[in-house]
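J.:
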Amino acid sequence: AATEEQLRAFGAQLIRRAGVLLRVPQLAVVSAALLFHRFYLRKSFADCDVRSAATGALLLACKLEEHPRKLQDVLIVFHRLEMREVQENGGAAYDGRPTPILELGSREYEDFKKEVVRAERNILKEMGFDATIVTDTPHRYVLQYSSSLSCSNAFTQKAWNYANDSLHTSLCCTHSPHEIAVASMDLAARALGVKLPENPPWREALDAEAAEVRQIARALLSIYRKPAAGYIFIPRKKRVAVAQEPSTPFPETPLPAKSPSDEENDDATANARSQDPPGLDAGRVAEMLEERGGGSELSAMAPPPVPSAGSGGGRQPTSRSGSNLSLGTNQVGDAVGHGGDDRKHPPKDRSHRENDRERERHKVNGKDRGKEKDREQERRKDRHRDRGPGRDKEREKERDKDRDREKRKGRDRKRSPSGSGGSSGSRRRGSPSPQRARAVARRSRSRSGGRGGKQSHRGKRDKRKRSSSSSTPSVDSGDL
(Lines of atoms letter the chains of each structure in order from A and count residues from 1; the text may use other names and numbers.)
(Lines give C-alpha, C1' and ligand atoms only; values in the text may rest on other atoms or scores of the structure.)
Protein backbone atom coordinates (compact mmCIF):
# COMPACT_ATOMS: atom_id res chain seq x y z
CA ALA A 1 0.00 0.00 0.00
CA ALA A 2 2.82 2.40 0.83
CA THR A 3 4.54 1.64 -2.46
CA GLU A 4 1.31 2.23 -4.36
CA GLU A 5 0.70 5.55 -2.61
CA GLN A 6 4.25 6.69 -3.32
CA LEU A 7 4.05 5.75 -7.00
CA ARG A 8 0.68 7.46 -7.34
CA ALA A 9 2.09 10.63 -5.81
CA PHE A 10 5.19 10.38 -8.02
CA GLY A 11 3.08 10.00 -11.19
CA ALA A 12 0.83 12.95 -10.30
CA GLN A 13 3.86 15.14 -9.51
CA LEU A 14 5.46 14.12 -12.83
CA ILE A 15 2.30 15.08 -14.73
CA ARG A 16 2.14 18.47 -12.97
CA ARG A 17 5.79 19.33 -13.77
CA ALA A 18 5.43 18.23 -17.39
CA GLY A 19 2.27 20.32 -17.75
CA VAL A 20 4.18 23.41 -16.65
CA LEU A 21 6.95 22.79 -19.20
CA LEU A 22 4.46 22.07 -21.99
CA ARG A 23 2.37 25.14 -21.03
CA VAL A 24 -0.94 23.35 -21.01
CA PRO A 25 -3.96 24.59 -18.99
CA GLN A 26 -4.44 23.41 -15.44
CA LEU A 27 -7.65 21.61 -16.35
CA ALA A 28 -5.69 19.43 -18.79
CA VAL A 29 -3.26 18.53 -15.99
CA VAL A 30 -6.18 17.69 -13.68
CA SER A 31 -7.77 15.50 -16.36
CA ALA A 32 -4.46 13.69 -16.90
CA ALA A 33 -4.15 12.99 -13.14
CA LEU A 34 -7.70 11.62 -13.03
CA LEU A 35 -6.97 9.30 -15.95
CA PHE A 36 -3.72 8.19 -14.30
CA HIS A 37 -5.35 7.29 -10.96
CA ARG A 38 -8.37 5.57 -12.51
CA PHE A 39 -6.14 3.53 -14.80
CA TYR A 40 -4.22 2.08 -11.84
CA LEU A 41 -7.46 1.14 -10.14
CA ARG A 42 -7.81 -1.55 -12.81
CA LYS A 43 -4.16 -2.28 -13.58
CA SER A 44 -1.11 -2.99 -11.50
CA PHE A 45 2.12 -1.00 -11.54
CA ALA A 46 3.79 -4.19 -12.75
CA ASP A 47 1.66 -4.17 -15.89
CA CYS A 48 2.68 -0.70 -17.07
CA ASP A 49 5.56 1.53 -16.02
CA VAL A 50 4.52 4.62 -14.06
CA ARG A 51 6.46 7.00 -16.32
CA SER A 52 4.90 5.58 -19.49
CA ALA A 53 1.42 5.72 -17.93
CA ALA A 54 1.88 9.34 -16.83
CA THR A 55 3.12 10.34 -20.29
CA GLY A 56 0.23 8.60 -22.03
CA ALA A 57 -2.31 10.12 -19.61
CA LEU A 58 -1.08 13.68 -20.23
CA LEU A 59 -0.95 13.12 -23.98
CA LEU A 60 -4.54 11.84 -23.97
CA ALA A 61 -5.80 14.58 -21.63
CA CYS A 62 -4.40 17.31 -23.91
CA LYS A 63 -6.42 15.86 -26.75
CA LEU A 64 -9.59 15.61 -24.67
CA GLU A 65 -9.29 19.21 -23.40
CA GLU A 66 -8.66 20.43 -26.97
CA HIS A 67 -5.11 21.57 -26.23
CA PRO A 68 -3.13 18.90 -28.11
CA ARG A 69 0.63 18.68 -28.01
CA LYS A 70 2.96 16.86 -30.36
CA LEU A 71 4.05 13.42 -29.27
CA GLN A 72 7.64 14.39 -29.95
CA ASP A 73 7.46 17.36 -27.55
CA VAL A 74 5.79 15.30 -24.82
CA LEU A 75 8.46 12.60 -25.04
CA ILE A 76 11.30 15.13 -24.90
CA VAL A 77 9.84 16.84 -21.81
CA PHE A 78 9.34 13.62 -19.87
CA HIS A 79 12.83 12.44 -20.83
CA ARG A 80 14.28 15.70 -19.51
CA LEU A 81 12.44 15.27 -16.22
CA GLU A 82 13.77 11.73 -15.96
CA MET A 83 17.33 12.93 -16.52
CA ARG A 84 16.87 15.54 -13.77
CA GLU A 85 16.18 12.75 -11.29
CA VAL A 86 19.36 10.81 -12.04
CA GLN A 87 21.45 10.60 -8.90
CA GLU A 88 25.26 10.59 -8.88
CA ASN A 89 27.55 10.79 -5.82
CA GLY A 90 24.67 11.51 -3.49
CA GLY A 91 23.28 14.37 -5.61
CA ALA A 92 21.68 15.21 -8.90
CA ALA A 93 23.88 14.17 -11.80
CA TYR A 94 22.88 17.11 -13.99
CA ASP A 95 22.52 19.80 -11.32
CA GLY A 96 23.56 23.13 -12.83
CA ARG A 97 24.19 21.78 -16.34
CA PRO A 98 22.03 20.85 -19.31
CA THR A 99 20.56 17.40 -19.51
CA PRO A 100 21.22 15.15 -22.53
CA ILE A 101 18.71 15.51 -25.35
CA LEU A 102 16.61 12.61 -26.54
CA GLU A 103 17.77 12.14 -30.13
CA LEU A 104 14.99 11.68 -32.63
CA GLY A 105 15.15 8.39 -34.50
CA SER A 106 17.36 6.73 -31.91
CA ARG A 107 16.64 3.33 -30.42
CA GLU A 108 15.80 4.89 -27.04
CA TYR A 109 13.35 7.31 -28.66
CA GLU A 110 11.58 4.58 -30.62
CA ASP A 111 11.25 2.31 -27.58
CA PHE A 112 9.90 5.13 -25.41
CA LYS A 113 7.47 6.12 -28.15
CA LYS A 114 6.11 2.58 -28.43
CA GLU A 115 5.64 2.36 -24.66
CA VAL A 116 3.74 5.66 -24.51
CA VAL A 117 1.46 4.82 -27.44
CA ARG A 118 0.70 1.42 -25.90
CA ALA A 119 -0.03 3.05 -22.53
CA GLU A 120 -2.41 5.57 -24.12
CA ARG A 121 -4.25 2.77 -25.88
CA ASN A 122 -4.51 0.77 -22.65
CA ILE A 123 -5.90 3.77 -20.76
CA LEU A 124 -8.61 4.25 -23.35
CA LYS A 125 -9.40 0.56 -23.24
CA GLU A 126 -9.69 0.47 -19.44
CA MET A 127 -11.84 3.60 -19.41
CA GLY A 128 -14.18 2.01 -21.92
CA PHE A 129 -13.49 4.91 -24.33
CA ASP A 130 -15.63 7.12 -22.06
CA ALA A 131 -14.20 10.63 -21.78
CA THR A 132 -16.94 12.06 -19.53
CA ILE A 133 -15.02 11.19 -16.35
CA VAL A 134 -12.47 13.95 -17.03
CA THR A 135 -15.10 16.68 -17.33
CA ASP A 136 -16.22 16.41 -13.69
CA THR A 137 -13.33 17.77 -11.56
CA PRO A 138 -13.14 19.36 -8.07
CA HIS A 139 -11.71 22.57 -9.54
CA ARG A 140 -14.94 23.38 -11.36
CA TYR A 141 -16.91 23.08 -8.11
CA VAL A 142 -14.38 25.26 -6.26
CA LEU A 143 -14.94 28.10 -8.71
CA GLN A 144 -18.70 27.66 -8.68
CA TYR A 145 -19.05 27.47 -4.86
CA SER A 146 -16.68 30.37 -4.25
CA SER A 147 -18.68 32.53 -6.61
CA SER A 148 -21.97 31.59 -4.96
CA LEU A 149 -20.60 32.35 -1.45
CA SER A 150 -19.03 35.64 -2.64
CA CYS A 151 -15.57 34.65 -1.44
CA SER A 152 -12.42 36.67 -2.09
CA ASN A 153 -9.80 35.82 -4.68
CA ALA A 154 -7.31 34.83 -1.97
CA PHE A 155 -9.77 32.34 -0.55
CA THR A 156 -10.52 30.92 -4.00
CA GLN A 157 -6.79 30.55 -4.74
CA LYS A 158 -6.16 28.78 -1.45
CA ALA A 159 -9.02 26.31 -2.06
CA TRP A 160 -7.71 25.80 -5.62
CA ASN A 161 -4.28 24.86 -4.22
CA TYR A 162 -5.80 22.27 -1.88
CA ALA A 163 -7.72 20.82 -4.82
CA ASN A 164 -4.43 20.54 -6.73
CA ASP A 165 -2.79 18.73 -3.83
CA SER A 166 -5.65 16.25 -3.71
CA LEU A 167 -4.42 14.90 -7.08
CA HIS A 168 -1.41 13.34 -5.33
CA THR A 169 -3.77 10.88 -3.63
CA SER A 170 -6.47 8.52 -4.78
CA LEU A 171 -9.29 10.66 -3.33
CA CYS A 172 -10.63 11.29 -6.83
CA CYS A 173 -11.36 7.56 -7.07
CA THR A 174 -13.04 7.15 -3.68
CA HIS A 175 -14.99 10.40 -3.25
CA SER A 176 -17.12 12.60 -5.47
CA PRO A 177 -15.61 15.80 -6.92
CA HIS A 178 -17.96 18.18 -5.10
CA GLU A 179 -17.06 16.63 -1.70
CA ILE A 180 -13.34 17.19 -2.44
CA ALA A 181 -14.15 20.78 -3.39
CA VAL A 182 -16.04 21.36 -0.12
CA ALA A 183 -13.15 19.88 1.89
CA SER A 184 -10.68 22.15 0.07
CA MET A 185 -12.82 25.20 0.87
CA ASP A 186 -13.06 24.11 4.54
CA LEU A 187 -9.25 23.90 4.82
CA ALA A 188 -8.87 27.25 3.05
CA ALA A 189 -11.35 28.89 5.45
CA ARG A 190 -9.43 27.52 8.47
CA ALA A 191 -6.06 28.59 7.06
CA LEU A 192 -7.21 32.16 6.25
CA GLY A 193 -9.64 32.52 9.18
CA VAL A 194 -12.63 33.16 6.99
CA LYS A 195 -16.04 32.53 8.54
CA LEU A 196 -18.52 30.80 6.26
CA PRO A 197 -22.30 30.82 6.79
CA GLU A 198 -23.46 28.51 9.60
CA ASN A 199 -27.20 29.15 9.53
CA PRO A 200 -27.96 27.08 7.61
CA PRO A 201 -24.61 25.21 7.56
CA TRP A 202 -22.85 25.85 4.25
CA ARG A 203 -21.72 22.21 3.98
CA GLU A 204 -25.30 20.94 4.00
CA ALA A 205 -26.29 23.65 1.53
CA LEU A 206 -23.63 22.30 -0.82
CA ASP A 207 -24.91 18.71 -0.34
CA ALA A 208 -21.86 17.42 1.53
CA GLU A 209 -21.76 15.41 4.76
CA ALA A 210 -19.55 16.66 7.63
CA ALA A 211 -17.99 13.22 8.26
CA GLU A 212 -16.93 12.84 4.62
CA VAL A 213 -15.54 16.36 4.57
CA ARG A 214 -13.44 15.74 7.73
CA GLN A 215 -12.08 12.46 6.29
CA ILE A 216 -11.00 14.14 3.07
CA ALA A 217 -9.43 17.03 5.00
CA ARG A 218 -7.34 14.63 7.13
CA ALA A 219 -6.12 12.85 3.95
CA LEU A 220 -5.09 16.18 2.44
CA LEU A 221 -3.22 17.29 5.57
CA SER A 222 -1.33 13.97 5.68
CA ILE A 223 0.32 14.81 2.36
CA TYR A 224 2.36 17.63 3.94
CA ARG A 225 3.78 15.32 6.61
CA LYS A 226 5.24 12.85 4.07
CA PRO A 227 8.54 13.29 2.21
CA ALA A 228 8.65 13.95 -1.52
CA ALA A 229 7.69 10.92 -3.51
CA GLY A 230 10.35 9.20 -5.58
CA TYR A 231 10.46 6.58 -8.30
CA ILE A 232 10.39 2.94 -7.29
CA PHE A 233 11.31 0.28 -9.83
CA ILE A 234 8.71 -2.45 -10.24
CA PRO A 235 9.66 -5.49 -12.35
CA ARG A 236 7.41 -5.96 -15.29
CA LYS A 237 5.18 -8.98 -15.70
CA LYS A 238 6.00 -11.33 -18.54
CA ARG A 239 3.35 -11.41 -21.19
CA VAL A 240 2.10 -14.86 -22.07
CA ALA A 241 0.48 -15.15 -25.46
CA VAL A 242 -2.71 -17.17 -25.14
CA ALA A 243 -4.68 -18.16 -28.20
CA GLN A 244 -8.29 -17.24 -27.54
CA GLU A 245 -11.24 -18.61 -29.39
CA PRO A 246 -13.74 -16.10 -30.76
CA SER A 247 -16.55 -15.46 -28.28
CA THR A 248 -19.20 -15.68 -30.96
CA PRO A 249 -18.66 -18.46 -33.50
CA PHE A 250 -19.23 -17.59 -37.08
CA PRO A 251 -22.43 -19.13 -38.45
CA GLU A 252 -21.91 -21.63 -41.18
CA THR A 253 -23.18 -20.68 -44.60
CA PRO A 254 -25.84 -23.17 -45.77
CA LEU A 255 -24.96 -24.96 -48.98
CA PRO A 256 -27.43 -25.25 -51.86
CA ALA A 257 -29.49 -28.45 -51.93
CA LYS A 258 -28.44 -31.09 -54.43
CA SER A 259 -30.70 -32.32 -57.18
CA PRO A 260 -31.29 -36.09 -57.75
CA SER A 261 -29.12 -35.97 -60.86
CA ASP A 262 -26.22 -34.51 -58.85
CA GLU A 263 -26.58 -37.31 -56.29
CA GLU A 264 -26.48 -39.95 -59.04
CA ASN A 265 -23.35 -38.36 -60.49
CA ASP A 266 -21.71 -38.27 -57.06
CA ASP A 267 -22.59 -41.95 -56.45
CA ALA A 268 -21.24 -42.97 -59.83
CA THR A 269 -18.02 -41.02 -59.23
CA ALA A 270 -17.63 -42.57 -55.78
CA ASN A 271 -18.16 -46.06 -57.19
CA ALA A 272 -15.64 -45.45 -59.93
CA ARG A 273 -13.08 -44.24 -57.39
CA SER A 274 -13.76 -47.10 -54.99
CA GLN A 275 -13.12 -49.74 -57.65
CA ASP A 276 -9.82 -51.56 -57.29
CA PRO A 277 -7.28 -51.41 -60.10
CA PRO A 278 -8.14 -53.80 -62.90
CA GLY A 279 -6.84 -57.27 -62.19
CA LEU A 280 -7.72 -60.99 -62.50
CA ASP A 281 -10.04 -61.94 -59.64
CA ALA A 282 -9.98 -65.64 -58.68
CA GLY A 283 -13.61 -65.62 -57.55
CA ARG A 284 -14.74 -64.10 -60.86
CA VAL A 285 -12.82 -66.72 -62.84
CA ALA A 286 -14.41 -69.54 -60.78
CA GLU A 287 -17.91 -68.20 -61.40
CA MET A 288 -17.30 -67.94 -65.12
CA LEU A 289 -15.95 -71.52 -65.25
CA GLU A 290 -18.98 -72.85 -63.41
CA GLU A 291 -21.31 -71.06 -65.83
CA ARG A 292 -19.55 -72.67 -68.77
CA GLY A 293 -19.62 -76.12 -67.11
CA GLY A 294 -15.95 -76.46 -66.38
CA GLY A 295 -16.56 -78.11 -62.99
CA SER A 296 -14.79 -77.80 -59.74
CA GLU A 297 -11.48 -79.14 -61.08
CA LEU A 298 -10.88 -76.14 -63.27
CA SER A 299 -12.09 -73.73 -60.58
CA ALA A 300 -9.47 -75.16 -58.23
CA MET A 301 -6.79 -74.60 -60.89
CA ALA A 302 -7.69 -70.94 -61.30
CA PRO A 303 -4.58 -68.73 -61.30
CA PRO A 304 -3.83 -66.61 -58.23
CA PRO A 305 -4.97 -62.98 -58.25
CA VAL A 306 -2.76 -60.51 -60.04
CA PRO A 307 -1.28 -57.93 -57.64
CA SER A 308 -2.21 -54.34 -58.42
CA ALA A 309 0.28 -51.87 -59.80
CA GLY A 310 0.27 -49.89 -56.57
CA SER A 311 1.10 -52.92 -54.39
CA GLY A 312 4.69 -53.02 -55.63
CA GLY A 313 4.48 -56.40 -57.38
CA GLY A 314 4.63 -56.19 -61.16
CA ARG A 315 4.78 -59.94 -61.86
CA GLN A 316 2.30 -61.66 -64.16
CA PRO A 317 0.84 -65.14 -63.35
CA THR A 318 2.93 -67.93 -64.88
CA SER A 319 1.20 -70.84 -66.65
CA ARG A 320 1.87 -74.36 -65.46
CA SER A 321 2.07 -77.36 -67.78
CA GLY A 322 0.15 -80.50 -66.78
CA SER A 323 -2.30 -83.14 -67.93
CA ASN A 324 -5.21 -81.72 -66.02
CA LEU A 325 -4.64 -78.26 -67.54
CA SER A 326 -4.57 -79.67 -71.07
CA LEU A 327 -8.12 -81.05 -70.70
CA GLY A 328 -9.75 -77.67 -70.14
CA THR A 329 -7.42 -75.46 -72.10
CA ASN A 330 -10.11 -73.92 -74.29
CA GLN A 331 -12.43 -73.23 -71.37
CA VAL A 332 -9.69 -71.73 -69.22
CA GLY A 333 -8.46 -69.75 -72.19
CA ASP A 334 -11.97 -68.47 -72.84
CA ALA A 335 -12.40 -67.54 -69.19
CA VAL A 336 -9.02 -65.83 -69.02
CA GLY A 337 -9.75 -64.13 -72.31
CA HIS A 338 -13.02 -62.78 -70.99
CA GLY A 339 -11.25 -61.67 -67.84
CA GLY A 340 -8.68 -59.89 -69.98
CA ASP A 341 -11.48 -58.24 -71.96
CA ASP A 342 -13.01 -57.10 -68.68
CA ARG A 343 -9.69 -55.62 -67.66
CA LYS A 344 -9.17 -53.84 -70.97
CA HIS A 345 -12.77 -52.69 -71.36
CA PRO A 346 -14.38 -52.21 -67.95
CA PRO A 347 -18.09 -51.49 -67.95
CA LYS A 348 -18.77 -47.83 -68.57
CA ASP A 349 -21.01 -45.97 -66.18
CA ARG A 350 -22.61 -42.58 -66.62
CA SER A 351 -19.51 -40.60 -65.66
CA HIS A 352 -17.37 -42.47 -68.22
CA ARG A 353 -19.93 -41.76 -70.96
CA GLU A 354 -19.96 -38.11 -70.08
CA ASN A 355 -16.16 -38.04 -70.23
CA ASP A 356 -16.23 -39.61 -73.69
CA ARG A 357 -18.76 -37.03 -74.88
CA GLU A 358 -16.63 -34.26 -73.49
CA ARG A 359 -13.58 -35.57 -75.37
CA GLU A 360 -15.57 -35.72 -78.62
CA ARG A 361 -16.81 -32.21 -78.05
CA HIS A 362 -13.25 -31.01 -77.52
CA LYS A 363 -12.16 -32.71 -80.74
CA VAL A 364 -14.91 -30.99 -82.74
CA ASN A 365 -14.09 -27.65 -81.15
CA GLY A 366 -10.42 -28.20 -81.94
CA LYS A 367 -11.23 -28.83 -85.62
CA ASP A 368 -13.38 -25.69 -85.75
CA ARG A 369 -10.62 -23.69 -84.15
CA GLY A 370 -8.16 -25.03 -86.72
CA LYS A 371 -10.43 -23.95 -89.58
CA GLU A 372 -10.87 -20.53 -88.02
CA LYS A 373 -7.09 -20.16 -87.76
CA ASP A 374 -6.71 -21.01 -91.47
CA ARG A 375 -9.30 -18.40 -92.42
CA GLU A 376 -7.56 -15.80 -90.27
CA GLN A 377 -4.25 -16.55 -91.98
CA GLU A 378 -5.88 -16.10 -95.39
CA ARG A 379 -7.28 -12.75 -94.34
CA ARG A 380 -3.86 -11.64 -93.12
CA LYS A 381 -2.32 -12.60 -96.46
CA ASP A 382 -4.98 -10.60 -98.33
CA ARG A 383 -4.39 -7.57 -96.15
CA HIS A 384 -0.63 -7.88 -96.66
CA ARG A 385 -1.16 -8.14 -100.42
CA ASP A 386 -3.29 -5.00 -100.39
CA ARG A 387 -0.62 -3.13 -98.46
CA GLY A 388 2.13 -4.15 -100.88
CA PRO A 389 3.97 -1.94 -103.45
CA GLY A 390 1.66 -3.04 -106.29
CA ARG A 391 -1.36 -1.67 -104.47
CA ASP A 392 0.43 1.66 -103.94
CA LYS A 393 1.10 1.95 -107.66
CA GLU A 394 -2.55 1.35 -108.47
CA ARG A 395 -3.60 4.00 -106.03
CA GLU A 396 -1.10 6.45 -107.53
CA LYS A 397 -2.52 5.80 -110.99
CA GLU A 398 -6.04 6.43 -109.72
CA ARG A 399 -4.90 9.73 -108.23
CA ASP A 400 -3.30 10.74 -111.58
CA LYS A 401 -6.52 9.92 -113.39
CA ASP A 402 -8.53 12.02 -110.96
CA ARG A 403 -6.08 14.87 -111.41
CA ASP A 404 -6.36 14.73 -115.22
CA ARG A 405 -10.13 14.60 -114.98
CA GLU A 406 -10.17 17.75 -112.87
CA LYS A 407 -7.88 19.52 -115.36
CA ARG A 408 -10.17 18.65 -118.26
CA LYS A 409 -13.19 19.92 -116.36
CA GLY A 410 -11.37 23.19 -115.72
CA ARG A 411 -10.49 23.66 -119.39
CA ASP A 412 -14.05 22.90 -120.49
CA ARG A 413 -15.31 25.43 -118.00
CA LYS A 414 -13.00 28.07 -119.48
CA ARG A 415 -14.09 27.33 -123.06
CA SER A 416 -17.82 27.62 -122.33
CA PRO A 417 -19.43 30.82 -123.93
CA SER A 418 -19.81 33.74 -121.55
CA GLY A 419 -22.64 35.65 -123.35
CA SER A 420 -22.51 39.09 -124.84
CA GLY A 421 -19.81 41.18 -123.37
CA GLY A 422 -19.09 38.56 -120.64
CA SER A 423 -21.15 37.63 -117.61
CA SER A 424 -21.28 39.74 -114.57
CA GLY A 425 -20.12 36.77 -112.44
CA SER A 426 -16.86 36.30 -114.43
CA ARG A 427 -15.78 39.87 -113.82
CA ARG A 428 -15.14 41.72 -110.64
CA ARG A 429 -17.22 44.65 -109.58
CA GLY A 430 -16.74 47.46 -112.04
CA SER A 431 -15.60 46.92 -115.67
CA PRO A 432 -11.82 46.78 -116.15
CA SER A 433 -10.02 49.58 -117.94
CA PRO A 434 -9.01 49.11 -121.65
CA GLN A 435 -5.32 48.92 -120.77
CA ARG A 436 -6.02 46.24 -118.17
CA ALA A 437 -8.09 44.21 -120.62
CA ARG A 438 -5.34 44.34 -123.26
CA ALA A 439 -2.67 43.22 -120.79
CA VAL A 440 -4.80 40.30 -119.66
CA ALA A 441 -5.44 39.26 -123.26
CA ARG A 442 -1.73 39.32 -124.14
CA ARG A 443 -0.88 37.28 -121.06
CA SER A 444 -3.50 34.66 -121.85
CA ARG A 445 -2.28 34.37 -125.49
CA SER A 446 1.30 33.84 -124.38
CA ARG A 447 0.30 31.09 -121.91
CA SER A 448 -2.18 29.24 -124.14
CA GLY A 449 -1.22 26.93 -127.03
CA GLY A 450 -1.80 27.15 -130.79
CA ARG A 451 -5.51 26.47 -130.59
CA GLY A 452 -6.06 29.30 -128.19
CA GLY A 453 -3.96 31.51 -130.50
CA LYS A 454 -6.10 30.66 -133.50
CA GLN A 455 -9.23 31.49 -131.60
CA SER A 456 -7.74 34.84 -130.57
CA HIS A 457 -6.75 35.72 -134.25
CA ARG A 458 -10.21 34.74 -135.43
CA GLY A 459 -11.69 37.01 -132.86
CA LYS A 460 -9.48 39.89 -134.10
CA ARG A 461 -10.58 39.44 -137.69
CA ASP A 462 -14.21 39.46 -136.62
CA LYS A 463 -13.67 42.64 -134.68
CA ARG A 464 -12.14 44.40 -137.69
CA LYS A 465 -15.15 43.55 -139.86
CA ARG A 466 -17.51 44.95 -137.28
CA SER A 467 -18.39 48.55 -137.24
CA SER A 468 -16.06 50.82 -135.37
CA SER A 469 -18.85 52.22 -133.20
CA SER A 470 -17.20 51.16 -129.97
CA SER A 471 -13.47 51.58 -129.49
CA THR A 472 -13.16 49.27 -126.44
CA PRO A 473 -12.42 45.64 -127.41
CA SER A 474 -14.46 42.90 -125.77
CA VAL A 475 -12.65 40.28 -123.71
CA ASP A 476 -13.82 36.69 -123.46
CA SER A 477 -14.25 35.05 -120.09
CA GLY A 478 -11.88 32.31 -121.16
CA ASP A 479 -9.11 34.86 -121.80
CA LEU A 480 -9.64 36.45 -118.44
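Numbered according to the working numbering, the sequence shown spans residues 57 to 536.
Glycine included, C-beta positions come from ideal geometry on N, C-alpha and C.
1. With a threshold of 16 other CB atoms inside 10 Å of the CB of I272, please say whether the residue is buried or exposed.
2. Please check the pair L276 and A239, which I expect to be a contact at CB under 8 Å, by giving their CB distance rounded to whole angstroms.
3. Could you please give the first and the last residue of the uninterrupted alpha helix (DSSP H) stretch that includes V198?
4. Quick check on I290: does DSSP put it in helix, strand or coil?
5. At what residues does the alpha helix (DSSP H) containing T212 begin and finish?
6. If I measure Cβ to Cβ from S226 and keep anything under 7 Å in the same chain, skipping five residues before and after, which residues do I get?
7. Go ahead and pull the three-state DSSP assignment for P490.
8. If we call anything under 8 Å between Cβ atoms a contact, is A89 one with A68?
9. For Y280, which option in A267, K293, D221, L91 has the closest C-alpha, if you only look at C-alpha atoms?
10. For a test of the three-state rule: what should DSSP assign to E254, helix, strand or coil?
11. By how many angstroms is the C-alpha of P283 removed from the C-alpha of F168?
12. Taking the alpha carbon of L127 as the point to measure from, which residue in K170, T155, P156, L97 has its own alpha carbon closest?
13. I need the DSSP call for G112, collapsed to helix, strand or coil.
14. Any idea which residues DSSP pairs R143 with across the strands?
15. Can you tell me whether Y96 is helix, strand or coil according to DSSP?
16. Note down, in chain order, each residue of its chain lying with its Cβ closer than 6 Å to the Cβ of V172, except the 5 sequence neighbours on either side.
17. How about F95 and E60: do their beta carbons lie closer than 8 Å?
18. Provide the residue span of the alpha helix (DSSP H) that contains M241, from first to last.
19. Suppose you measure from the CA of R435 to the CA of R409; what does that come to, to the nearest Å?
20. Excluding the 5 residues preceding and the 5 following R439 in the sequence, name in chain order all residues of the same chain whose CB lies nearer than 7 Å to its CB.
21. Going by DSSP in three states, K282 sits in which element: helix, strand or coil?
22. Where does K457 sit, in a helix, a strand or coil, going by DSSP?
23. Does DSSP classify H123 as helix, strand or coil?
24. What's the gap between the Cα of C228 and the Cα of E159?
25. My guess is that E544 and L83 are in contact by the Cβ rule of under 8 Å, so how many angstroms apart are they, rounded?
26. Which of helix, strand or coil does DSSP assign to T230?
27. Confirm, please, whether the CB-CB distance from Y201 to M241 is below 8 Å.
T.: If we stick to the structure as given:
1. buried
2. 7 Å
3. 194-204
4. coil
5. 209-221
6. R64, H93
7. helix
8. yes
9. D221
10. strand
11. 29 Å
12. K170
13. helix
14. Going by the sequence as given, residue 143 is Gln instead of Arg. Q143 pairs with A148.
15. helix
16. S108, T111, G112
17. no
18. 233-248
19. 39 Å
20. none
21. coil
22. helix
23. coil
24. 37 Å
25. A question about residue 544 goes unanswered here, because the residues of the chain that appear run from 57 up to 536.
26. helix
27. yes
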